[in-house]
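Presented below is the structure to which this report refers.
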Amino acid sequence: MGAPVEYRSMDGSGNNKAHPTRGTKGELFLRQLYGAPRYHTSDGSIVPDLPNPRDISNSLNANNKKQLNPRRLNDAHTVWGQFIDHDFTLTPDNVSEPLNIAVPKCDVFLDPDCTGTQTLGFSRSNYKIFNGTREQINQVSAYLDASMVYGSDPERAAALRTFVKGKLLIDELCG
Numbered sequence: 003m004g005a006p007v008e009y010r011s012m013d014g015s016g017n018n019k020a021h022p023t024r025g026t027k028g029e030l031f032l033r034q035l036y037g038a039p040r041y042h043t044s045d046g047s048i049v050p051d052l053p054n055p056r057d058i059s060n061s062l063n064a065n066n067k068k069q070l071n072p073r074r075l076n077d078a079h080t081v082w083g084q085f086i087d088h089d090f091t092l093t094p095d096n097v098s099e100p101l102n103i104a105v106p107k108c109d110v111f112l113d114p115d116c117t118g119t120q121t122l123g124f125s126r127s128n129y130k131i132f133n134g135t136r137e138q139i140n141q142v143s144a145y146l147d148a149s150m151v152y153g154s155d156p157e158r159a160a161a162l163r164t165f166v167k168g169k170l171l172i173d174e175l176c177g
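Each step along the sequence shown adds one to the number in the numbering used here, with nothing skipped, and position 41 is 43.
Encoded structure:
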């Protein structure tokens, strides 16, 4: 290791002395479930026996009853969780590999005219081949380090700052 530094690296490097690159921006995500991925390794095509994601979404959200959360949580908890998630995971889309999701015919919101031709735009994630399998790449550090606020590389950090009295950029909202 080099000389000690006052501040941690932006990209997450050096946080683990035994594995200095573990958790750094650009590293592969670790698989938490072992076994073969649910797509073919030869060409990356999706296994066809999986259910339609829109059907799953419609089933999960079909409950029309107003029901209090037993933990007394509200949507702010979901938003906070998403904000924290964006601190240590970001997978870029691979727009050259669209995998649009078929909308079920007569879907109340997405196919009200019952055409049966509607789709939800979806792109697969960018990847690297590792041991013959598509593995996804993390574009931010894997640490809870506020990289979604301060950036994980000098370019992103510069895009988030005013360079005036140490202030960050903000969006001016009207109204």
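Note that CB positions come from ideal geometry on N, CA and C, so glycine has one too.
On a predicted model such as this, the values are computed, not experimentally measured, just so you know.
Note to self: I'd like the list of long-range same chain contacts for T121, defined as Cβ closer than 8 Å, with 5 residues on each side in sequence excluded.
What the structure shows: N102, I103, A104 and V105
Notebook entry, point to check: With DSSP run on the structure shown, which of helix, strand or coil describes L97?
Noted result: In the sequence on display, residue 97 carries Val and not Leu. Residue state, collapsed to three classes: strand.
Check: According to DSSP, is I172 helix, strand or coil?
Finding: coil
Notebook entry, point to check: Cα separation between R24 and Q69?
Noted result: 43 Å
Notebook entry, point to check: What do you get for D89, buried or exposed, if any count of 16 or more other CB atoms within 10 angstroms of its CB means buried?
Noted result: buried
Margin query: Please list the terminal residues of the continuous beta strand (DSSP E) segment that includes I139.
Written below: Unbroken run through I139: none, as it is neither H nor E.
Next item on the list: Return the CA-CA distance between G123 and N54, expressed in angstroms with no decimal places.
Entry: 14 Å
Next item on the list: Please list, in chain order, all residues of the same chain as N96 whose beta carbon is under 8 Å from its beta carbon, the five residues on each side excluded.
Entry: Hits under 8 Å: S125, R126, S127, N128 and Y129.
Next item on the list: For the region 75 to 90 and the region 54 to 67, state whether three or more C-beta atom pairs, one from each stretch, are separated by less than 8 Å.
Entry: no
Notebook entry, point to check: By the 10 Å Cβ neighbour count, where 16 or more other Cβ atoms means buried, how is N140 classified, buried or exposed?
Noted result: buried
Checklist line | Distance, C108 Cα to Y9 Cα | finding: 56 Å
Item checked: Rounded C-alpha distance that separates N76 from G118 -> 35 Å
Notebook entry, point to check: Grouping DSSP H, G and I as helix and E and B as strand, with all else coil, what is T43?
Noted result: Caution applies to T43, whose pLDDT of 46 falls short of 50 and renders its modelled position unreliable; the value that the coordinates give is listed next. Coil, per DSSP.
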